[in-house]
Amino acid sequence: EQRLNWDGQRLIKYNGFWLLEVLFRPMLSAQNNFKAKDTDVILSTMPKSGTTWLKALTFSIANRRLFTIDQSPLLTSSPHTLVPSLEFNVYWEQENPDLSNIPSPRIFATHMPFNILPDSIRESDCKIIYICRNPLDQFVSHRHFLLENKIGKEADPLDVDEAFDMFCQGIHPCGPFWDHMLGYWKAHLENPGKVLFLKYEDLKEDITSQVKKIAEFMVFPFSPEEEEQGLIDHITRLCSFESLSNLAVNNTGNINGLVKNSSFFRKGQVGDWTNYLTPAMAERIKKLMDSKFGNSGLMFKI
Ligand code: A3P
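Under the UniProt record's numbering, the first residue of the sequence shown carries the number 36, and numbering increases by one thereafter.
Quick look at the structure:
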């Protein structure tokens, strides 16, 4: 077992991945005890890749017949409360909580790599939605997030060159990023009805078509009447960065005393890395992606 610090975070290496030590025990509890139902939807992500956004969208899609938009629970509850994380909420304190009373479709999130997921997620008919993001933006977003929060912090943050160098060696929470992405990418290629693979940049570019795609994948497609009523637009507006980041519930409070709700909303832009990283760093990531992604078909525009 290898342990080390990345940007003040204690990491543990497990099954080829560097996991945040503070989330390790809850991840193992989830891995051992979570029993997926065929109707479940699991949102999988690396941190800072669009988890909060995807939570808000999938919650709104699945519950749109229960609440009108102006009564949406998203107006008064954080997306992280409505769609709990397996490791950071559900299994945080309890080894084997009773989840049987949660109404279907249950939606949970996780940062677990594909090969670490509970067997029942892979083996049941539940759906997995994965979202990832250009690694340069993910890295920059993560550094800001860590500066704001105290998640298992025990050392001062590294300077950007050192943290970036470790990132390129795959040493960062849930890293290596290429293995995290490729695990879900390959699962998606093998079984596209089981794993939907999304990119943050595609949602920024055309949210309407991505929301339709997500709804179809979740087997909650929008009817022509719903489309005519403008329901997709209502949902995309409610879940937009501008709307969510301005709600009081997302500006106050924290999760487990460690993570501020407000820290999930910073800029919400594509390409912010250019304000923090050099062209040489981008070149290094490009080469790394070329070699690691190879001819898998996975790529990011930089
Ligand atoms: P930035 O730090 O680049 O602004 P996660 O939800 O996985 O923790 O990712 C957080 C990142 O997504 C942050 O990126 C945050 O600002 C952005 N984000 C949060 N909510 C969003 C939304 N509704 N639309 C677009 N981006 C959002």
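We put the CB at the ideal spot given by N, CA and C, even for glycine.
Note that the coordinates shown come from a computational prediction; the quantities given were computed from them, not determined experimentally.
Exposed unless 16 or more other CB atoms sit within 10 angstroms - verdict on residue i
i      : result
PRO227 : exposed
ASN310 : exposed
LEU39  : exposed
LEU312 : buried
GLN106 : exposed
GLN173 : buried
ARG99  : buried
ARG272 : exposed
GLN129 : exposed
SER139 : exposed
Proximal residues to residue i (C-beta, below 7 Å), its chain only, five neighbours per side dropped
i          : result
PHE257     : LYS247, ALA250, LEU266 and ILE267
GLN66      : ILE151 and PRO153
LYS327     : TRP213
PRO108     : PHE102 and LEU117
residue 19 : This structure gives no information on residue 19, because the portion of the chain shown stretches from 36 to 337.
Residue i in three-state terms, based on DSSP
i      : result
ARG45  : strand
LEU293 : coil
GLY205 : coil
GLY85  : coil
GLY218 : helix
According to DSSP, residues forming a beta bridge with residue i
i      : result
ILE164 : LEU78 and LEU231
ASN40  : ARG45
PHE52  : TYR49
GLY210 : TRP53
Where the beta strand (DSSP E) containing residue i begins and where it ends
i      : result
ILE142 : 142-145
Closer than 8 Å: residue i CB and nearest the ligand GTP heavy atom
i      : result
TYR235 : Within the structure as shown, the ligand GTP is missing, the only ligands being the ligand A3P.
N- and C-terminal bounds of the alpha helix (DSSP H) containing residue i
i      : result
PHE276 : 276-280
VAL246 : 242-252
VAL118 : No alpha helix (DSSP H) contains VAL118, which DSSP labels as neither H nor E.
ALA315 : 314-328
ILE270 : 266-273
GLN173 : 170-183
ASN124 : Here ASN124 belongs to no alpha helix (DSSP H), and DSSP marks it neither H nor E.
Contact set for residue i: own chain, Cβ-Cβ below 8 Å, skip 5 residues either direction
i      : result
ILE337 : ASN169, LEU171, ALA317, ILE320 and LYS321
VAL195 : ARG178, TYR311 and LEU312
Same chain, Cβ closer than 6 Å to residue i, five either side skipped, listed in chain order
i      : result
PRO61  : GLU122, TYR126 and TRP127
SER297 : ASN286
HIS223 : VAL230 and PHE232
Residue-chain proximity (residue i, chain C), Cβ-Cβ < 9 Å
i      : result
ARG157 : Of the protein chains in this structure there is only one, and it is not chain C.
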